[in-house]
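Trainee: My numbering numbers the first residue of the sequence shown as 100 and each following residue consecutively.
A virtual CB, placed ideally from N, CA and C, is assigned to each residue, including glycine.
Fair warning: this is a prediction, and the values are worked out from it, not measured in the lab.
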Amino acid sequence: EKPIDHQKLSAIITKLIEDKRHSEKASRIDLTRTLQTILFDPDEFGNYPPETLESAFLSSLFSIFSDGANKLLVKIKQAIEEEDIEQFKNHIHALKGIAGNVKAKRLEAITRQCLDLDRDRFLIKENTAYLADNLTNCLNQTNQALFQYLKDEAGSNH
Numbered sequence: 100e101k102p103i104d105h106q107k108l109s110a111i112i113t114k115l116i117e118d119k120r121h122s123e124k125a126s127r128i129d130l131t132r133t134l135q136t137i138l139f140d141p142d143e144f145g146n147y148p149p150e151t152l153e154s155a156f157l158s159s160l161f162s163i164f165s166d167g168a169n170k171l172l173v174k175i176k177q178a179i180e181e182e183d184i185e186q187f188k189n190h191i192h193a194l195k196g197i198a199g200n201v202k203a204k205r206l207e208a209i210t211r212q213c214l215d216l217d218r219d220r221f222l223i224k225e226n227t228a229y230l231a232d233n234l235t236n237c238l239n240q241t242n243q244a245l246f247q248y249l250k251d252e253a254g255s256n257h
């Protein structure tokens, strides 16, 4: 059984709680308390029904990464379409942050390549098409890997 990577999980959770900022306060406090209990007291893991862990907790972790990253990908492609390098780099930077949160090394590497593009290279269609494809493929793989990781976490803790 592999131990929980607490640092990784807490980074994802910080993001989860940030994204829930706008939801109603009661459910947010409840979520925060539940997550903190699970995170900082692994023995408590056993006290949560597996279906709660798997469905609510893990799927929300996954969907926050997934939704956030997929929305950014759409905006990145739009910026390429509109040849807007500033927007392109802003969205890439945001995606780099999300990738960093879940330790998605390859995704992070591709976002770094994107940030290194100068205006001339950005305006060459082949360059941006190649990067956009790369991002799309890598994001799909990251989604799958993260989903699998979280599923394994759920499986190994009850």
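Would you say the stretch 234-249 touches the stretch 218-225, given that touching needs at least three Cβ pairs under 8 Å?
Mentor: no
Trainee: Report all residues from its chain with a CB closer than 7 Å to the CB of G199; omit the five preceding and five following residues, and keep chain order.
Mentor: Here residue 199 refers to the residue found at position 100 when the sequence shown is read from its first residue. Same-chain partners within the cutoff: E207.
Trainee: From what residue to what residue does the alpha helix (DSSP H) around L263 run?
Mentor: Any question about residue 263 goes unanswered here, given that the chain covers just 100 to 257.
Trainee: Report buried or exposed for L214, applying the criterion of at least 16 other Cβ atoms within 10 angstroms of its Cβ.
Mentor: Here residue 214 refers to the residue found at position 115 when the sequence shown is read from its first residue. Of the residues assessed, L214 falls on the exposed side of the cut-off, its CB having fewer than 16 other CB atoms within 10 angstroms.
Trainee: Looking at A231: is its Cβ nearer than 8 Å to the Cβ of I163?
Mentor: By 1-based counting over the sequence shown, the position of residue 231 is 132. By 1-based counting over the sequence shown, the position of residue 163 is 64. Result no, Cβ atoms of A231 and I163 do not sit closer than 8 Å.
Trainee: Just checking my contact of L171 with A193 at CB under 8 Å: how many whole Å lie between their CB atoms?
Mentor: Stepping through the sequence shown from its first residue, residue 171 is reached at position 72. Stepping through the sequence shown from its first residue, residue 193 is reached at position 94. At roughly 6 Å, the Cβ-Cβ gap stays under 8 Å, so L171 and A193 are in contact.
Trainee: Let's see if you can read the secondary structure: which residues bound the alpha helix (DSSP H) around D219?
Mentor: Indexing the sequence shown from 1 puts residue 219 at position 120. D219 -> alpha helix (DSSP H) spans 218-221.
Trainee: Please name the residue, chosen from E185, V173, Q177, that lies closest to R218 on a Cα-to-Cα basis.
Mentor: As a working note, residue 218 is residue 119 in the sequence shown. Taking only the C-alpha atoms, the option nearest R218 is E185.
Trainee: Compute the distance between the beta-carbons of L234 and I197, then report whether it is under 8 Å.
Mentor: In the sequence shown, the residue the question calls residue 234 occupies position 135. In the sequence shown, the residue the question calls residue 197 occupies position 98. Pairing L234 with I197 gives a Cβ-Cβ distance that is not under 8 Å.
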